[in-house]
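Here my numbering = 1-based position in the sequence shown + 18.
Glycine included, each C-beta is placed from N, C-alpha and C at the ideal position.
Here the structure is a predicted model, which means the values were calculated and not measured.
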Amino acid sequence: MFDFGALGRRLQEITNNAKETAPVTKAPPIPAAKSHKKTLDTARDQDIATMVIAAVDIGSKCEYLHGVAHHFVDGYDTNKIRMWEREHLRLFKFNISHTHCLHFLRVFQFMTHDLMAEKNLQGAWTLMKALGCLAMAHFTTAKQQPSLLAAAVARVTFEMLHQRGIIASAEPSVLLHLHHVESEHLPVAIALVEWLQGCPKPIVSNTQVMLSRLHQSQRIFAFAARPLSRSSPLAAGTVKIERQGDVAVLKIDIPNVKENVLGEALSGDLNEAFNKLENDDSVKGIVLMSGKPNSFVAGADITMLSKAKDVADAQRMSSEGQKQFARLADSKKPIVAAIMGSCLGGGLELAMACHYRIAVNDKKTQLGLPEVMLGLLPGAGGTQRLPKLVALPTALDMMLTGKKLKAKKAKQAGLVDSVVEPLGDGLGPASEITHKYLEEIAITAAKNLINGSLKIDRTRPLLERVTSAVTNNRLVLDNVVLKMARDKVMKLTKGNYPAPLKILEVVREGIVGGPAKGYAMESQYFGELAKTTQSAALIGLFNGSTDCKKNKYGEGRPVKEIAVVGAGLMGAGIANVTIDKGIRSVLLDVNQSGLERGQNQILTHLSTAVKRKRLSLLEKERIVTNLEATTDYSRMKNADIVIEAVFEDLSLKHKVVKQIESIVRPECIVATNTSALPIADIAKASARPENVIGMHYFSPVEKMQLLEIITHEGTSKQTIATAAQLGLKQGKLVVVVKVGLDVAEHVAHFLSGALGARVGGGNPQIYTDLVAAGMKGRKSNKGFYNYGDGKKGSKKANEEALKIIKKYRVAAPADVSSVEDQQIRVLCRFINEAMYCLQEGVISQPSDGDIASVFGVGFPPFWGGPFRFVDLYGAEKLVTKMDKYSRAYNREQFAPAQILQDYAKSGKKFY
Numbered sequence: 019m020f021d022f023g024a025l026g027r028r029l030q031e032i033t034n035n036a037k038e039t040a041p042v043t044k045a046p047p048i049p050a051a052k053s054h055k056k057t058l059d060t061a062r063d064q065d066i067a068t069m070v071i072a073a074v075d076i077g078s079k080c081e082y083l084h085g086v087a088h089h090f091v092d093g094y095d096t097n098k099i100r101m102w103e104r105e106h107l108r109l110f111k112f113n114i115s116h117t118h119c120l121h122f123l124r125v126f127q128f129m130t131h132d133l134m135a136e137k138n139l140q141g142a143w144t145l146m147k148a149l150g151c152l153a154m155a156h157f158t159t160a161k162q163q164p165s166l167l168a169a170a171v172a173r174v175t176f177e178m179l180h181q182r183g184i185i186a187s188a189e190p191s192v193l194l195h196l197h198h199v200e201s202e203h204l205p206v207a208i209a210l211v212e213w214l215q216g217c218p219k220p221i222v223s224n225t226q227v228m229l230s231r232l233h234q235s236q237r238i239f240a241f242a243a244r245p246l247s248r249s250s251p252l253a254a255g256t257v258k259i260e261r262q263g264d265v266a267v268l269k270i271d272i273p274n275v276k277e278n279v280l281g282e283a284l285s286g287d288l289n290e291a292f293n294k295l296e297n298d299d300s301v302k303g304i305v306l307m308s309g310k311p312n313s314f315v316a317g318a319d320i321t322m323l324s325k326a327k328d329v330a331d332a333q334r335m336s337s338e339g340q341k342q343f344a345r346l347a348d349s350k351k352p353i354v355a356a357i358m359g360s361c362l363g364g365g366l367e368l369a370m371a372c373h374y375r376i377a378v379n380d381k382k383t384q385l386g387l388p389e390v391m392l393g394l395l396p397g398a399g400g401t402q403r404l405p406k407l408v409a410l411p412t413a414l415d416m417m418l419t420g421k422k423l424k425a426k427k428a429k430q431a432g433l434v435d436s437v438v439e440p441l442g443d444g445l446g447p448a449s450e451i452t453h454k455y456l457e458e459i460a461i462t463a464a465k466n467l468i469n470g471s472l473k474i475d476r477t478r479p480l481l482e483r484v485t486s487a488v489t490n491n492r493l494v495l496d497n498v499v500l501k502m503a504r505d506k507v508m509k510l511t512k513g514n515y516p517a518p519l520k521i522l523e524v525v526r527e528g529i530v531g532g533p534a535k536g537y538a539m540e541s542q543y544f545g546e547l548a549k550t551t552q553s554a555a556l557i558g559l560f561n562g563s564t565d566c567k568k569n570k571y572g573e574g575r576p577v578k579e580i581a582v583v584g585a586g587l588m589g590a591g592i593a594n595v596t597i598d599k600g601i602r603s604v605l606l607d608v609n610q611s612g613l614e615r616g617q618n619q620i621l622t623h624l625s626t627a628v629k630r631k632r633l634s635l636l637e638k639e640r641i642v643t644n645l646e647a648t649t650d651y652s653r654m655k656n657a658d659i660v661i662e663a664v665f666e667d668l669s670l671k672h673k674v675v676k677q678i679e680s681i682v683r684p685e686c687i688v689a690t691n692t693s694a695l696p697i698a699d700i701a702k703a704s705a706r707p708e709n710v711i712g713m714h715y716f717s718p719v720e721k722m723q724l725l726e727i728i729t730h731e732g733t734s735k736q737t738i739a740t741a742a743q744l745g746l747k748q749g750k751l752v753v754v755v756k757v758g759l760d761v762a763e764h765v766a767h768f769l770s771g772a773l774g775a776r777v778g779g780g781n782p783q784i785y786t787d788l789v790a791a792g793m794k795g796r797k798s799n800k801g802f803y804n805y806g807d808g809k810k811g812s813k814k815a816n817e818e819a820l821k822i823i824k825k826y827r828v829a830a831p832a833d834v835s836s837v838e839d840q841q842i843r844v845l846c847r848f849i850n851e852a853m854y855c856l857q858e859g860v861i862s863q864p865s866d867g868d869i870a871s872v873f874g875v876g877f878p879p880f881w882g883g884p885f886r887f888v889d890l891y892g893a894e895k896l897v898t899k900m901d902k903y904s905r906a907y908n909r910e911q912f913a914p915a916q917i918l919q920d921y922a923k924s925g926k927k928f929y
């Protein structure tokens with residue numbers, strides 16, 4: 019018998035060794051550090067238990083578990099595995115942690131799969147039983163929530179049985195459905211069910227019933243891949259109905275798209291499906307879910323709004339959506355929404371109309387009402403249902419900001435009733451396995467709602483109930499809650515966005531006037547908002563940004579590694595948005611102090627993400643392993659793209675380009691992060707100008723979504739495609755242009771020289787004086803603002819900077835100094851330059867100019883960008899204003915571009 023006292027001591031020794039060992043960052047299969055190899059070899063000489071513990075301790079500290087697992091799997095045999103039998107529960111006297119247990123499960127899964135691949139079924143069966151012992155022991159000792167571990171045990175068990183042909187499918191619901199299996203496997207099946215009796219609910223709640231059936235018969239019945247399920251697609255093919263006994267499963271699956279959206283076709287199919295099921299007495303309950311693992315319903319199809327001729331048309335759309343979802347809410351048959359993936363806008367309104375909601379606790383599952391981002395409000399009952407499910411402050415926060423909740427937060431808030439933990443990889447991808455598991459949980463929930471064993475209890479904690487009673491009091495609601503919300507909205511929007519204010523009115527009407535009035539006002543205001551200029555502008559931006567997320571430039575070369583030259587704010591930012599996408603990045607700088615600043619910037623950003631629970635500590639460490647910070651420029655030799663982010667000086671950039679090309683491979687792309695210098699001039703220093711391109715990121719890189727890909731005449735198509743491909747992988751909105759749009763001291767002087775009086779009027783000397791005074795913006799922690807310690811509220815206007823600005827102040831003529839004139843005077847010159855960009859082929863389409871302007875330099879989103887502004891404001895009206903300004907100032911400063919004059923004369927629009 020194995021000496022477990024020795025194993026405990028060995029565990030402590032291995033843990034100490036692992037702590038003293040430097041992290042391993044290379045790829046599987048074998049750790050490079052000699053001490054790791056020695057630890058594993060020593061463990062291998064003992065038995066499988068010690069090997070697993072060694073791998074867990076080394077792997078969990080080095081983010082190296084997968085490679086270690088494959089390393090030691092080579093050395094085990096079935097005899098060693100047999101030692102992991104039920105008596106080994108004593109192992110848990112040594113208080114192995116929850117994290118260790120999860121790692122054990124992962125290791126065992128690797129080993130099981132390897133054994134099955136080798137057709138060593140006996141070994142896999144023995145190992146599977148050991149896995150069960152491990153999980154059950156943890157249930158007993160740690161009293162953890164059983165769902166994740168039990169699901170892992172079940173999955174490996176059923177995979178094993180499926181491989182042996184004992185059951186027809188590897189599904190984690192063996193006790194829910196029955197299917198014929200040959201009698202020769204009866205003893206194994208009985209042993210399995212007896213073993214499962216030791217597991218906690220809900221997975222094995224019916225084991226006694228199952229056992230009695232098995233002993234009464236010479237046959238075993240196990241779950242099959244829905245042998246009795248009938249699937250019937252509806253008219254438009256967006257919804258399928260499957261039957262599981264007296265439960266109907268409605269699966270939303272719009273063909274040929276990644277995300278389901280609620281459009282006319284889907285609405286029609288859902289109506290048809292519910293008509294059919296409501297009239298079918300054999301259907302007692304309904305599960306509503308997506309046929310796509312990563313998308314429930316991502317929102318409404320906003321192209322429908324373009325079909326609305328007027329306010330009344332848009333109001334009718336909202337009213338029809340309300341009625342459709344009211345049918346679900348009023349149904350006598352329980353409807354369970356099984357949510358996995360994005361559940362937004364109309365998708366969440368659909369889910370809220372269901373009687374019970376289950377959501378998967380993964381990163382892609384998010385619930386929200388982001389209509390305000392499109393200048394709208396939730397129009398299918400969302401403004402009325404959400405405040406009844408969650409606390410009023412939470413509801414307002416979600417609707418006024420578009421905030422999304424993950425599954426656990428949604429459960430805490432009261433938005434969902436149950437959370438399902440995701441499963442890992444098995445015989446198929448983890449997402450597919452989890453999706454099937456969710457379906458089974460939802461079917462079980464529906465059956466329990468039917469038979470009454472599951473009661474819906476949404477009683478909130480006492481403090482929340484008391485708070486809600488106070489906040490919903492009309493006096494407090496009007497004078498405190500809504501007043502504070504309205505004041506905050508006005509402070510942030512200056513009244514330029516009507517949707518948030520309308521949302522507040524509609525929510526109030528539902529609370530004070532009752533649901534009927536609330537729903538009526540919701541559809542009325544939805545119709546009004548749908549026809550505002552703000553909504554048109556924001557929807558235009560949404561469509562434009564969606565277009566910029568598509569690869570329109572062809573297939574580029576694979577990018578597995580990049581290098582960034584310059585570890586300043588921009589360089590570190592570029593590396594930061596690359597390493598978290600799994601791309602190895604070499605960050606280079608000429609001196610160690612600069613390099614350390616760049617590293618600290620990245621680590622601070624990642625630590626903040628961990629603190630705010632956007633990342634786990636494990637995910638952070640995995641991301642960091644993709645970064646190599648060095649002053650050794652030879653380390654860029656394997657890069658597929660090198661991005662230089664040095665100072666805006668042409669001779670310096672020439673020097674850097676030559677240095678890069680002397681080290682990298684001939685096919686490596688050299689990208690410059692210039693904001694104004696012509697790419698063609700930079701490319702003159704290159705031996706391979708076809709590989710030179712501009713990649714202009716905006717600061718701060720982690721927050722700014724735009725990436726300008728800047729080309730010159732000699733840039734190859736493959737270079738453009740590869741650069742764009744990298745930008746899309748980094749999560750950027752990619753726009754291909756021929757010049758940059760950023761403004762800084764150097765840029766101001768450069769543009770003045772290149773474009774002359776057209777950009778005159780202001781004095782670039784302002785920037786020179788600010789830089790000379792050490793006011794370089796965030797880089798020096800002061801510019802137009804003093805940024806303080808970076809905490810909320812520490813950013814203040816810089817009085818010293820204001821003094822410099824006032825030195826160059828020029829009084830404006832009185833007849834062009836109204837508030838509107840001041841606004842249009844600033845906007846029209848920027849808009850005019852955007853017109854020149856389109857006219858001269860710098861950008862290929864108006865939407866590119868709008869996206870670059872809003873996401874790059876802060877053009878007001880409620881105007882949608884310069885081209886959308888011209889459409890909404892009127893080209894003729896704008897040209898008239900510019901003529902007025904040209905008479906008060908220099909004519910060349912306000913001379914409209916020819917394309918703008920043409921549109922003013924013809925009445926033509928850009929959209």
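Under the three-state reduction of DSSP output, G591 falls in the helix class. Look at K454 here: in three-state DSSP terms it is helix. The DSSP-derived three-state label of Q911 is helix.
Assignment of A356 by DSSP, reduced to helix, strand and coil, places it in the strand class. For G303, the enclosing beta strand (DSSP E) covers residues 303-308. The three-state secondary structure of N490, taken from DSSP, is coil. Where I842 is concerned, the enclosing alpha helix (DSSP H) starts and stops at 837-857. Residue pairing for Q262: DSSP places it in a beta bridge opposite V265.
DSSP places M508 inside the alpha helix (DSSP H), whose first and last residues are 500-511.
For the pair L522 and L500, the CB atoms are nearer than the 8 Å cut-off.
Taking C-beta atoms under 8 Å as the contact rule, C361 and F314 qualify, at a distance of about 4 Å. By a beta-carbon distance limit of 8 Å, A463 does not contact I357. Their separation comes to about 12 Å. In this structure, the straight-line span from the alpha carbon of D889 to that of G386 is close to 31 Å.
In the same chain as H672, and ignoring 5 residues on each side of it, the C-beta atoms closer than 6 Å to its own belong to A703, in chain order. DSSP lists V583, T690 as the beta-bridge partner residues of E662. Taking C-alpha positions only, K895 is separated from A922 by approximately 8 Å. Cβ-Cβ distances below 6 Å link V434 to R375, A377, A428 in the same chain, with the five nearest sequence neighbours on each side left out; the list follows chain order.
In the DSSP assignment, L751 is bridged to L724.
Nearest to K258 by alpha-carbon distance, out of M307, R403, L645, is M307.
DSSP assignment within the region 386-419 yields the following whole alpha helix (DSSP H) runs of 4 residues or more, N-terminal first: 400-407, 410-419. Shown here, R602 sits in a strand according to DSSP, grouped into three states. Taking a cut-off of 8 Å for Cβ pairs, the region 380-398 and the region 269-276 do not touch, as fewer than three such pairs fall below it.
Judged by beta-carbon spacing, P440 lies within the 8 Å limit of D380, meaning their Cβ atoms are closer than that value.
Excluding five sequence positions before and after L323, the CB atoms of its chain that fall closer than 6 Å to its own CB belong to A548, given in chain order. Around the Cβ of P707, a 10 Å sphere holds 16 or more other Cβ atoms; the residue is buried. Residue burial annotation: Q840 is exposed, with fewer than 16 other C-beta atoms found within 10 angstroms of its C-beta. For T643, there is no enclosing beta strand (DSSP E), as DSSP marks it with neither H nor E.
Annotation for R375: the continuous beta strand (DSSP E) segment containing it runs 374-378. Secondary structure of L472 (DSSP, three-state): coil. In this structure, A503 places its C-beta atom within 8 Å of the C-beta atom of L414.
The beta carbons of A590 and S603 sit about 10 Å from each other, so the pair does not count as a contact at 8 Å. Ranked by Cα distance from S300, the first of A266, V872, A830 is A266. A straight-line Cα-Cα distance of about 13 Å links G339 and M370. DSSP places K655 outside any beta strand (DSSP E), giving it a letter other than H or E. Residue burial is scored here from C-beta neighbours: R847 has at least 16 other C-beta atoms within 10 angstroms and is therefore classed as buried. The three-state reading of DSSP puts H672 in helix, counting H, G and I together.
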